[in-house]
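Chemist: Dropping the structure in here first, questions after.
Protein chains: 2
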Amino acid sequence: MVTIYDIAKYANVSPMTVSRVINNSINIKATTREKVERAIKELGYIPNAAARSLTSNQTKTLGLILTDITNPYFSKIARGVEDVAVEKGYRVLISNTDEDSDKEVNYIDMMISARVDGVLITPTSDKTIDQVERLRKHNIQVVLLDRTIEGFEGDYVIGDSYLGTQQLVQHLIDYGHQNIALINGPANVSTARERARGYLETLKQNGLEVYEHYLSELDYKHAQEGKAKEILKRLLSLEADKCPTAIFAANNFIAVSAIRSLRELGLSVPDDISVVCFDEVEPIVYFDPFFTVAAQPAIEFGRVGIQLLIERVEEKEAGIRQQVILPPVIHIRKSTMKRS
Amino acid sequence: MVTIYDIAKYANVSPMTVSRVINNSINIKATTREKVERAIKELGYIPNAAARSLTSNQTKTLGLILTDITNPYFSKIARGVEDVAVEKGYRVLISNTDEDSDKEVNYIDMMISARVDGVLITPTSDKTIDQVERLRKHNIQVVLLDRTIEGFEGDYVIGDSYLGTQQLVQHLIDYGHQNIALINGPANVSTARERARGYLETLKQNGLEVYEHYLSELDYKHAQEGKAKEILKRLLSLEADKCPTAIFAANNFIAVSAIRSLRELGLSVPDDISVVCFDEVEPIVYFDPFFTVAAQPAIEFGRVGIQLLIERVEEKEAGIRQQVILPPVIHIRKSTMKRS
DNA sequence: TCATAAATTGTTATCGGTAACAAACAAAAG
DNA sequence: CTTTTGTTTGTTACCGATAACAATTTATGA
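Sequence order for the protein chains is R and A.
Per numbering that gives the first Met the number 0, residue 0 is the first one in the first sequence, and the count goes up by one each step.
Per numbering that gives the first Met the number 0, residue 0 is the first one in the second sequence, and the count goes up by one each step.
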């Protein structure tokens with residue numbers, strides 16, 4: 000492995016001078032600089048980041064903790080993060096919690112041992128506050144992504160779950176639906192709470208009753224057809240006047256599970272029942288726009304989130320909290336139909 | 000930041016003893032070990048990976064270079080990689096080249112400066128061989144993923160593009176299609192070459208003629224509706240007896256672009272024209288299985304690829320080359336129709 | 001009981017950079 | 001042609017961990 004010492008010897012200068020050239024210090028004689036740069040090129044030297052970080056106390060590495068990169072919503076976020084990070088000279092360590100707080104703890108350990116400069120994280124639940132504390136104790140900046148957690152003081156980038164839900168539910172009501180069931184995410188996730196609030200308040204604002212039976216929960220995860228089917232069976236077995244004519248799915252995965260289950264139960268969307276959800280269902284949207292959704296600007300979430308994080312990292316003391324709430328965009332498509 | 004020196008002082012031993020406890024060395028008195036472990040827990044010590052890597056010459060970090068994490072095919076690969084890597088105690092640095100070899104060079108630099116132990120890479124083109132050389136010069140192991148490159152000697156995990164193409168084309172022929180157009184990926188990517196070969200040979204084996212006009216190229220990238228539309232316009236303007244009744248799209252993105260363009264041109268799939276492609280189109284498949292595809296075990300690609308890489312990393316000298324070729328699975332669905 | 005082997009712990013140097021200070025050299029001023 | 005100041009380069013110590021060796025303690029056997 001070639002080091003500054005090799006370069007130094009090759010260029011007949013001291014290692015320190017090499018270091019100065021690498022870091023574009025002032026006060027280097029032009030001829031010396033050229034000599035060193037030639038040596039660097041000829042020997043193919045690339046600085047050792049580990050050694051650097053040891054003195055500089057920064058690794059130029061950031062952690063990105065998501066629930067599942069396989070969800071297009073998160074892969075887009077990851078993409079946004081990656082692009083901005085690289086642009087600003089940072090590397091990105093990535094990991095998937097699967098909404099599992101034990102995994103989350105392990106990944107936080109990993110991030111701490113890597114001494115990342117900051118972590119951008121989609122917390123699994125309110126319990127994640129402990130992990131935030133731990134990171135901060137290790138002097139690692141934290142920005143939350145997609146969700147907040149109780150008691151968190153700091154920067155975050157989230158979508159407006161309340162607003163999006165309100166708009167979707169209102170859309171259903173405008174389409175003549177009165178019996179709207181909510182299949183929500185886990186109540187210990189802030190987005191689920193906000194979506195529940197949006198759902199309940201919008202119903203109330205429209206003078207509609209909320210049946211206890213209309214509320215159920217699934218994980219925000221992939222492939223839960225089994226549980227989804229049970230929920231739907233239960234919903235569909237309600238008396239005719241209480242049987243839901245529309246379903247609000249709290250995210251894209253839940254919506255896909257729901258529609259699959261509905262089909263298996265012999266119902267078709269939107270003819271028999273309408274479905275709306277949060278987050279775009281890709282790449283279906285490019286190919287055959289079907290889902291009525293509250294689309295969130297996922298790439299933008301990533302870009303903004305990592306930007307905030309980098310700002311925090313680069314000016315530690317930094318001032319006021321940056322809490323960005325990006326509004327969703329409602330797309331009315333084929334999964335909802337007017338009740339006649 | 001708490002270091003072994005802090006632990007040492009707190010536990011009244013030498014730093015070296017602390018190091019020994021951390022690394023589970025033998026010959027530590029039980030009482031000493033407990034004392035140190037208690038100190039570690041109480042002070043919340045986590046080893047500094049950078050410092051470690053300086054002496055050990057390994058970072059326990061691996062690089063994953065993909066073309067675009069936004070493509071579900073690659074996000075699944077990334078997921079497989081991540082899972083196995085973490086399981087084996089490695090971190091993963093991730094990056095997206097967008098099939099751009101300049102970006103690729105930058106990311107390779109990044110990986111070298113991070114002194115990753117190995118890189119798992121989807122090469123952008125045959126030119127990537129230079130980058131492989133560079134990595135190796137820096138003593139970094141390389142495993143190729145999804146594609147090979149000319150002149151490469153080493154491990155790789157790829158799909159059987161030839162076989163998959165053959166089966167898809169044969170399926171089209173069995174369905175009565177004689178005029179099958181190929182919209183391929185870039186010829187400097189091995190999968191595209193193999194798919195072209197599979198296409199041409201299967202046609203020949205069936206005594207079908209190949210029209211020059213049937214061959215065209217797109218990037219393996221997202222959102223190329225413009226170019227796709229041009230290609231399709233040209234194809235559809237051929238005389239009736241030469242006008243394709245089926246299209247072989249070299250990957251999922253190309254297929255989606257093609258179908259979108261076809262629709263804009265007033266044609267529907269499969270009624271007017273059949274379409275097949277490589278790689279699953281998710282999550283459509285869960286929701287409404289539509290595409291006839293050669294599905295590749297993406298997660299498995301990732302898992303196997305990173306496993307090979309880790310093996311190489313952990314026993315440098317290692318023996319014979321591991322060249323894994325995983326067969327695709329053909330799913331015949333609704334995007335193809337029998338010609339009557 | 002004392003020498004010797006085995007187990008346990010400590011010291012020093014090092015990995016590849018850089019900060020802080022010191023030295024050498026060149027240019028400007030008297 | 002000195003002196004002074006400013007430029008440029010070099011030395012030393014350190015970041016946090018560990019390998020290699022040294023020292024100390026404990027156990028074993030004659």
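Glycine included, each C-beta is placed from N, C-alpha and C at the ideal position.
Cβ closer than 9 Å: which chain R residues qualify as neighbours of K341(A)?
Modeler: Past the edges of chain A, shown from 0 to 339, lies residue 341(A), and the structure says nothing about it.
Chemist: According to DSSP, which residues form a beta bridge with G62(A)?
Modeler: According to DSSP, G62(A) bridges with L92(A), V118(A).
Chemist: Are the beta-carbon atoms of T335(R) and S273(R) separated by less than 7 Å?
Modeler: Contact flag set, yes.
Chemist: Check for me: the beta strand (DSSP E) holding V274(R) runs from which residue to which?
Modeler: That run of the beta strand (DSSP E) goes 273-277.
Chemist: Can you pull the chain A neighbours of I45(R), defined as C-beta to C-beta under 8 Å?
Modeler: Near I45(R) (Cβ distances below 8 Å), the residues of chain A are D108, I111, S112, H137.
Chemist: Which residues share a DSSP beta bridge with N215(R)?
Modeler: The sequence shown places Ser at residue 215(R), rather than the Asn named in the question. I182(R), per the DSSP bridge assignment.
Chemist: Are the C-beta of R37(R) and some C-beta of chain A separated by less than 7 Å?
Modeler: Judged by the 7 Å Cβ criterion, R37(R) is not in contact with chain A.
Chemist: With distance defined between alpha-carbon atoms, name the residue in D270(R), K228(R), V303(R), K220(R) nearest to T244(R).
Modeler: The shortest Cα separation from T244(R) among D270(R), K228(R), V303(R), K220(R) belongs to D270(R).
Chemist: Quick one: is E81(R) near chain A, going by C-beta distance under 7 Å?
Modeler: Chain A, which has a Cβ nearer than 7 Å to the Cβ of E81(R), makes this yes.
Chemist: If we count Cβ pairs, one from each stretch, closer than 8 Å, do we get three or more for the segment 185-195 of chain R versus the segment 138-157 of chain R?
Modeler: Taking 8 Å as the limit for Cβ pairs, the verdict is that the segment 138-157 of chain R does touch the segment 185-195 of chain R.
Chemist: For a test of the three-state rule: what should DSSP assign to H330(A), helix, strand or coil?
Modeler: Note: H330(A) maps to strand in three-state DSSP.
Chemist: Mapping DSSP to helix, strand and coil, what is D240(A)?
Modeler: Looking at D240(A) - three-state DSSP - the assignment turns out to be helix.
Chemist: Starting from I253(R), trace the alpha helix (DSSP H) in both directions and tell me its first and last residue.
Modeler: Element bounds for I253(R): 251-263.
Chemist: Looking at the strands, I want to know which residues DSSP matches up with A294(R).
Modeler: A294(R) is bridged to V328(R).
Chemist: Can D159(A) and I324(A) be called in contact, C-beta distance under 7 Å?
Modeler: Going by C-beta atoms, D159(A) is nearer than 7 Å to I324(A).
Chemist: Closer than 9 Å by beta-carbon distance: list the chain R residues that pair up with S94(A), in chain order.
Modeler: Those within 9 Å of S94(A) in chain R are E81, V85, R90, V91.
Chemist: Is the Cβ of R78(R) closer than 7 Å to any Cβ of chain A?
Modeler: Closer than 7 Å to some Cβ of chain A, the Cβ of R78(R) qualifies, so yes.
Chemist: Are the beta-carbon atoms belonging to K34(R) and I309(R) less than 7 Å from one another?
Modeler: Not closer than 7 Å, so no.
Chemist: Excluding the 5 residues flanking P122(R) on each side, which residues of the same chain have their C-beta closer than 7 Å to its C-beta?
Modeler: Closer than 7 Å at Cβ, skipping near neighbours: L143, R146, I148.
Chemist: Given this structure, state the Cα-to-Cα distance separating F151(R) from D129(R), to the nearest angstrom.
Modeler: Cα to Cα, the separation comes out at about 10 Å.
Chemist: Just checking, does the segment 72-79 of chain R make contact with the segment 36-52 of chain R on the three C-beta pairs under 8 Å criterion?
Modeler: They do not touch, by the three-pair rule.
Chemist: Which first and last residues belong to the beta strand (DSSP E) in which Y155(A) is found?
Modeler: From DSSP, the beta strand (DSSP E) with Y155(A) extends over 154-158.
Chemist: So, is the C-beta of S55(R) closer than 7 Å to a C-beta in chain A?
Modeler: Cβ-Cβ to chain A under 7 Å: no for S55(R).
Chemist: What are the start and end residues of the alpha helix (DSSP H) that includes A48(A)?
Modeler: Counting along the chain, the alpha helix (DSSP H) containing A48(A) begins and ends at 48-55.
Chemist: Which bits of chain A does S100(R) rub up against, with CB to CB less than 8 Å?
Modeler: Neighbours of S100(R) on chain A: none; closest Cβ ~16 Å, over 8 Å.
Chemist: Measure from the alpha carbon of F252(A) to the alpha carbon of each residue in G301(A), F277(A), G197(A), then state which is nearest.
Modeler: Ranking G301(A), F277(A), G197(A) by Cα distance to F252(A) puts F277(A) first.
Chemist: For I148(R), does the three-state DSSP call read helix, strand or coil?
Modeler: In the structure shown, I148(R) sits in coil (DSSP, three-state: anything other than H, G, I, E or B).
Chemist: Span of the beta strand (DSSP E) holding I246(R)?
Modeler: Run containing I246(R): 245-248, per the beta strand (DSSP E) assignment.
Chemist: Name, going along the chain, the residues of the segment 56-70 of chain R whose beta-carbon falls closer than 7 Å to a beta-carbon of chain A.
Modeler: Answer in chain order: T58, I68, T69.
Chemist: Nearest chain R C-beta to S273(A) closer than 7 Å, yes or no?
Modeler: With 7 Å as the cut-off, S273(A) does not count as an interface residue toward chain R.
Chemist: Beta-carbon of S74(R) versus every beta-carbon of chain A: anything under 7 Å?
Modeler: Chain A, which has a Cβ nearer than 7 Å to the Cβ of S74(R), makes this yes.
Chemist: Between the segment 0-21 of chain A and chain R, which residues of the former have a C-beta closer than 8 Å to a C-beta of the latter?
Modeler: The segment 0-21 of chain A vs chain R, Cβ under 8 Å: M0.
Chemist: What does A49(A) touch in chain R if you count any residue whose Cβ is under 7 Å from its own?
Modeler: By Cβ distance, chain R contributes A49, S52, L53, T58, R114.
Chemist: Looking only at C-alpha atoms, which of P288(R), R311(R), I319(R) sits nearest to I329(R)?
Modeler: Taking only the C-alpha atoms, the option nearest I329(R) is P288(R).
Chemist: Within 10 angstroms of the Cβ of K220(R), are there 16 or more other Cβ atoms? Answer buried if so, exposed if not.
Modeler: So K220(R) ends up on the buried side.
Chemist: State buried or exposed for R338(R), treating a residue as buried only when at least 16 other CB atoms are found within 10 Å of its CB.
Modeler: Counting Cβ neighbours within 10 Å, R338(R) comes out exposed, since fewer than 16 surround it.
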